[in-house]
DNA sequence: CGTATTTGACCGGCGC
DNA sequence: GCGCCGGTCAAATACG
Ligand SMILES: [Zn+2]
């Protein structure tokens, strides 16, 4: 709050704009080489960010589960608390962050709450889009076996920090009905958008009755995330050697595919 | 110009 | 193994 004085936006100057004089003096083969290197590095950073967000979200859901279980057990009885104490002791001893790509066999993402909603659309509106207030990025479209109309795949535009996905497809026999399948829950507030058209069947198949929402009410996740971003940005801007450290870490062996 | 969509390639799971 | 099928990626393209 007080650290960001007024209108100081997060403009991060990584010294990526050397003067034209300097650039012209460097042979362009080297610059091309550097460009390619930068692209690779950017790719790696992107994958790191993605996996980081995946792990974060996974951990969060795990945490919620544990809290839930803990609460219910707490209400049930206090007799088992001694036993539980021993199990809880194996916490993370050191806070060292390790990107572990070790085993090719992945635990694979589990436990994503799925809900299905049906939306009636006017025949005039032929666009197969379900307005639910969130912002989506389409990333695929496929024809399915038992339905003439194609199925569209969307990701929340806040990805990868928000893992929510949705599929939209017209109903088999009634083409005026759109069937949307949501997967996961948003971890951020809705972008301000007034119109929401979801006044039809809500065939909810969620295994978990959105304990997340309660959790997010208790802990203001949005301000938390903003604080995180602020910290990251300030650590970048205030400490120039930080970028060098990052570069060294990346060019070293964070991931060693090859 | 930066960003969103399109669309064929690609991949992994499953039944055979 | 092979082919199908649902799902995803990413380069090309369209958009504002
Ligand atoms: Zn979201």
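In the working numbering, the protein residues as written are 1 to 258. Even glycine gets a Cβ: it sits at the ideal position worked out from N, Cα and C.
Within the present structure, is the beta-carbon of residue i separated from the nearest heavy atom of ligand 1 by less than 7 Å?
{"i": "residue 134", "result": "yes"}
{"i": "residue 53", "result": "no"}
{"i": "residue 118", "result": "no"}
{"i": "residue 28", "result": "no"}
{"i": "residue 177", "result": "no"}
{"i": "residue 164", "result": "yes"}
{"i": "residue 186", "result": "yes"}
Write down the C-beta distance between residue i and residue j rounded to the nearest angstrom, noting that I regard them as a contact closer than 8 Å.
{"i": "residue 190", "j": "residue 134", "result": "6 Å"}
{"i": "residue 160", "j": "residue 49", "result": "6 Å"}
{"i": "residue 132", "j": "residue 179", "result": "No, residue 132 and residue 179 are not in contact; Cβ-Cβ is about 13 Å, not under 8 Å."}
{"i": "residue 181", "j": "residue 116", "result": "5 Å"}
Who are the Cβ neighbours of residue i in its own chain at under 8 Å, not counting the five residues just before and after it?
{"i": "residue 152", "result": "128, 138, 140, 141, 167, 168, 169"}
{"i": "residue 175", "result": "149"}
{"i": "residue 25", "result": "none"}
{"i": "residue 136", "result": "154, 155, 156, 157, 166"}
Taking residue i as the reference, give the member of the options with the closest Cα.
{"i": "residue 158", "options": "185, 175, 144, 172", "result": "185"}
{"i": "residue 118", "options": "171, 30, 56, 188", "result": "171"}
{"i": "residue 164", "options": "57, 173, 66", "result": "57"}
{"i": "residue 55", "options": "162, 188, 40, 177", "result": "162"}
Apart from the five residues on each side of it in sequence, which residues of its chain come closer than 6 Å, Cβ to Cβ, to residue i?
{"i": "residue 144", "result": "151"}
{"i": "residue 43", "result": "none"}
{"i": "residue 35", "result": "none"}
Within the same chain, show all residues whose beta-carbon is closer than 7 Å to that of residue i, passing over the 5 residues directly before and after it, in chain order.
{"i": "residue 112", "result": "183, 184"}
Completely contained beta strand (DSSP E) runs for the segment 165-189, where each covers 3 or more residues
165-170, 177-183
Within the segment 13-68, note down every full alpha helix (DSSP H) run reaching 4 residues or more, in order along the chain.
20-25
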